[in-house]
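Each remark here refers to the structure printed beneath this line.
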């Protein structure tokens, strides 16, 4: 009986350790920069997205190249407004920061859990913390960039793929869920799919491509259907620069931009 209890207790301890690291990461990411910090210019289009997020819902564009990220930000912004926050670009910036901070913490948890399970605390925890403390993760998670949510989902996909390759058992459902999440959070997550397929048998790979492709296309079709009339949804997928949406948005937020210069 004791032999069965030890692995279970060890797994619980690893989960708690990974959760503790993730909670510390979330706190650090969320508190690193205020919305008035110059550091926010380090994020790609963070200010532009906040200006759009603060607009009336029907007028706000939803760039299709990272569709689900903007849905998450809308949910975060709505929650902050419901809690008494003053609607506007400053609150929208904070909403984006909270989304990316939570995503950074999720990435840290996923990697820490996998590394602890495979390498133990002495090796796994430092590896996970190194990822969480790296400038790429820390800065982008702290400023509200759209990269980090997809990074968290792709980290989950890689860990699930490695687990499945090590001990194949049925369909890789966890890998499918993580991959679809990554693909709808950022379009360029598609570039990682060929590398993931190397770890799978041809049957599992074909199943993954078919299911992930169908689910991803369904989500993008939903996004196109929900997009405001006249929004260049397809052009965001085929060429971001073609729409020029953010030039006009930027002119309406000079006070915000001046503070962030």
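In the working numbering, the protein residues as written are 553 to 813.
Note that CB positions come from ideal geometry on N, CA and C, so glycine has one too.
Taking C-beta to C-beta, are residue i and residue j nearer than 8 Å?
i, j, result
"residue 762", "residue 732", "no"
"residue 711", "residue 662", "yes"
"residue 621", "residue 737", "yes"
"residue 747", "residue 730", "no"
"residue 713", "residue 727", "yes"
"residue 735", "residue 764", "yes"
"residue 566", "residue 668", "yes"
"residue 752", "residue 716", "yes"
"residue 616", "residue 785", "yes"
"residue 778", "residue 739", "no"
"residue 656", "residue 689", "yes"
Under the assumption that residue i contacts residue j (Cβ atoms under 8 Å), give the Cβ distance between them as a whole number of angstroms.
i, j, result
"residue 660", "residue 684", "4 Å"
"residue 775", "residue 571", "Actually they do not touch by this definition, with Cβ atoms about 32 Å apart."
"residue 602", "residue 641", "5 Å"
"residue 644", "residue 694", "Not quite, the Cβ-Cβ distance comes to about 16 Å (not below 8 Å), so this is no contact."
"residue 594", "residue 691", "6 Å"
Between residue i and the ligand NAP, is the CB less than 7 Å from at least one heavy atom?
i, result
"residue 669", "Within the structure as shown, the ligand NAP is missing, as the structure has no ligands at all."
When burial is assigned at 16 or more other CB atoms within 10 Å of the CB, is residue i buried or exposed?
i, result
"residue 750", "exposed"
"residue 639", "exposed"
"residue 588", "exposed"
"residue 568", "exposed"
"residue 773", "exposed"
"residue 577", "buried"
"residue 627", "exposed"
"residue 780", "exposed"
"residue 665", "buried"
"residue 724", "buried"
"residue 760", "buried"
"residue 573", "buried"
"residue 592", "buried"
"residue 687", "exposed"
"residue 756", "buried"
"residue 658", "buried"
"residue 741", "buried"
Starting from residue i, follow the alpha helix (DSSP H) in both directions and report where the run begins and ends.
i, result
"residue 715", "699 to 718"
"residue 648", "641 to 671"
"residue 614", "Where residue 614 is concerned, there is no enclosing alpha helix (DSSP H), given that its DSSP letter is neither H nor E."
"residue 755", "754 to 778"
"residue 721", "Counting along the chain, residue 721 falls outside any alpha helix (DSSP H), and DSSP gives it neither H nor E."
"residue 746", "745 to 750"
"residue 598", "598 to 605"
"residue 628", "619 to 634"
"residue 585", "Taken as a continuous stretch (DSSP letters only), residue 585 belongs to no alpha helix (DSSP H), as it is neither H nor E."
"residue 688", "687 to 695"
"residue 821", "Look at the range of the chain in this structure, 553 to 813, and you will see that residue 821 is not part of it."
For the pair the segment 671 to 680 and the segment 699 to 716, tell me if three or more CB-CB distances fall below 8 Å. no
- prompt: Would you call the segment 648 to 659 and the segment 566 to 584 touching, i.e. three or more CB-CB distances under 8 Å?
  reply: yes
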